[in-house]
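In this note's numbering, the protein residues as written are 195 to 412.
For reference, the structure discussed in these notes is given below.
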Amino acid sequence: MIGYEVVTAADGEEALITFRNATPDLVVLDVMMPKLDGYGVCQELRKESDVPIIMLTALGDVADRITGLELGADDYVVKPFSPKELKARVRSVLRRVEKSGANGIPSSGVIQINSIRIDTNKRQVYKGDERIRLTGMEFSLLELLVSRSGEPFSRAEILQEVWGYTPERHVDTRVVDVHISRLRAKLEDDPGNPELILTARGTGYLFQRIVEPGEEGR
């Protein structure tokens with residue numbers, strides 16, 4: 195792929211070995227691989243790394259896409275695809291997981307909400323004293339929601355701001371739902387009854403309003 199240094203693997207087991215040796219900035223996984231399929235590789239990678247992952251899935255196979263996302267993939271590309279399309283998605287994911295400083299973030303870059311501390315400069319999240327590992331896209335999604343806390347974002351807005359998908363692409367909005375579910379599982383005390391990342395009925399999602407230190411009780 196022009197503009198990138200690429201290493202390849204012939205099967206899933208080799209992919210894990212190659213990843214540990216090469217430590218790439220991004221991983222592209224085909225669902226269909228011998229020895230260990232793309233789902234298995236994705237699951238193993240998420241145990242040890244937050245590296246961006248793009249899954250290659252079959253045309254029209256929605257189950258493949260959702261399963262990959264649930265296991266920790268950041269995005270997907272549907273086969274058949276052109277090299278140009280894949281390169282565009284790689285560029286977009288890399289750019290978006292590296293960006294920081296969304297509008298509306300305090301100048302200090304640190305937001306404290308109950309037990310959750312978000313450092314947008316270091317792109318790190320803590321729950322109490324424990325650091326919560328987020329993928330780059332999960333952090334970008336959280337950062338977007340926090341940038342306009344208390345106000346809902348539609349799924350279409352989120353797809354465009356976080357993934358770079360314009361409305362005419364007709365991307366499955368469950369990409370957003372799965373990532374929201376993953377964020378809630380990592381940040382909420384009770385993901386089934388979220389207090390931080392709320393569903394805006396008929397719209398999309400919102401992050402609860404940020405209460406600044408000393409503002410409580412006013």
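Where a beta carbon is used, it is the ideal one built from N, C-alpha and C, also for glycine.
- The Cβ-Cβ distance between T314 and E337 falls below 7 angstroms.
- In the three-state reduction of the DSSP assignment, R325 falls in the strand class, which pools E and B.
- In the DSSP assignment, G398 is bridged to S348, A394.
- For V272, the enclosing beta strand (DSSP E) begins and ends at 269-272.
- In the DSSP assignment, R311 falls within the beta strand (DSSP E) that extends over 310-313.
- Between the beta-carbon of T397 and that of P346 there is about 4 angstroms, and that keeps the pair under the 8 angstroms contact cut.
- If you check the CB distance, V291 and P246 come in under 7 angstroms.
- When DSSP states are grouped into helix, strand and coil, D224 belongs to the strand group.
- When DSSP states are grouped into helix, strand and coil, Y233 belongs to the helix group.
- Cβ-Cβ distances below 6 angstroms link V201 to T212, A216 in the same chain, with the five nearest sequence neighbours on each side left out; the list follows chain order.
- Proximity to S334 across G322, L288, R363, D323 peaks at L288, based on C-alpha coordinates.
- Cα atoms of R395 and Q306: separation of roughly 26 angstroms, rounded to the nearest angstrom.
- In this structure, DSSP gives L265 a state outside helix and strand, which the three-state scheme calls coil.
- In the structure shown, T251 adopts extended strand secondary structure according to DSSP, grouped into three states.
- Within a 10 Å sphere around the beta-carbon of D269 sit 16 or more other beta-carbons, which makes this residue buried.
- Separation of the CB atoms of L392 and L400 is rounded to 5 angstroms, and the pair is thereby assigned contact status at 8 angstroms.
- Residue range 304-307 is occupied by the beta strand (DSSP E) that includes V304, with no alpha helix (DSSP H) assigned at that position.
- Of all alpha-carbon atoms in P388, V235, S375, K241, the one lying nearest the alpha-carbon of A209 is that of V235.
- Rounded to whole angstroms, K229 and R363 show a C-alpha spacing of 34 angstroms.
- By the 16-neighbour rule on beta-carbons within 10 angstroms, P274 is exposed.
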